[in-house]
Amino acid sequence: MTTNPKNHDVILPTPIMMDGELRINDLLLAEMLGFVKPFNIRNLIRRHLEYLEKFGTVFTVKTVTRGQRGTEFFLTEEQASYIGMLSQTPKAAEGRIALIKASRNACHLTIDCWAGLGLLSF
Numbered sequence: 012m013t014t015n016p017k018n019h020d021v022i023l024p025t026p027i028m029m030d031g032e033l034r035i036n037d038l039l040l041a042e043m044l045g046f047v048k049p050f051n052i053r054n055l056i057r058r059h060l061e062y063l064e065k066f067g068t069v070f071t072v073k074t075v076t077r078g079q080r081g082t083e084f085f086l087t088e089e090q091a092s093y094i095g096m097l098s099q100t101p102k103a104a105e106g107r108i109a110l111i112k113a114s115r116n117a118c119h120l121t122i123d124c125w126a127g128l129g130l131l132s133f
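Per the numbering used here, the very first residue in the sequence shown carries number 12; after that it's consecutive.
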């Protein structure tokens, strides 16, 4: 995990490269969003899997933790943003701000970008 240089209170999960695309581990995202029980993020991901897949494949890895089988999720930036928008934890607002700023840096939110996202029409 890395500290956001502009806001040292917000910790951003370190993305990893999977199949040529940067992805964020679900439990690291849960920690950033302030989930009291980080594994609960997986229930949220499962409930919204159909919508997350509109942003691309949701990568999964089967795991065994303390004898319990589970599924670890690796989300793209768009998928992580979607989950961040749904999360209702006290730190979720901070997480949403960090994710939006990260997206803004990539897009710069120009008029062309807004129009490309379908948020403006001429």
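We put the CB at the ideal spot given by N, CA and C, even for glycine.
Buried or exposed by the 16-neighbour rule on C-beta atoms within 10 Å, applied to residue i
i	result
Q79	exposed
D30	exposed
V69	buried
F50	exposed
E64	exposed
M28	exposed
Through-space distance from residue j to residue i, alpha-carbon basis
i	j	result
K48	L55	12 Å
M96	V75	29 Å
E61	I111	22 Å
T82	I35	14 Å
K17	H59	In this predicted model, K17 has a pLDDT of only 48, less than 50, meaning its place in the structure is not dependable; the value taken from the coordinates is given anyway. Looking at the two C-alpha atoms, the distance is approximately 31 Å.
L38	T87	14 Å
H67	M43	Checking the sequence, you will find Gly at residue 67 rather than His. Cα to Cα, G67 sits roughly 22 Å from M43.
Pick from the options that is closest to residue i, judged by C-alpha positions
i	options	result
P26	E89, A104, K102 and E105	E89
T100	A41, K73 and L63	A41
F46	F84, R77 and S98	S98
I52	A113, Y93 and I108	Y93
Simplified DSSP state of residue i, which is helix, strand or coil
i	result
G95	helix
K102	coil
Query raised in the report: Where are the alpha helix (DSSP H) runs, 4 residues long or more, that stay fully inside the segment 26-62, in chain order?
Result: Here the runs fully enclosed are 37-44 and 52-58.
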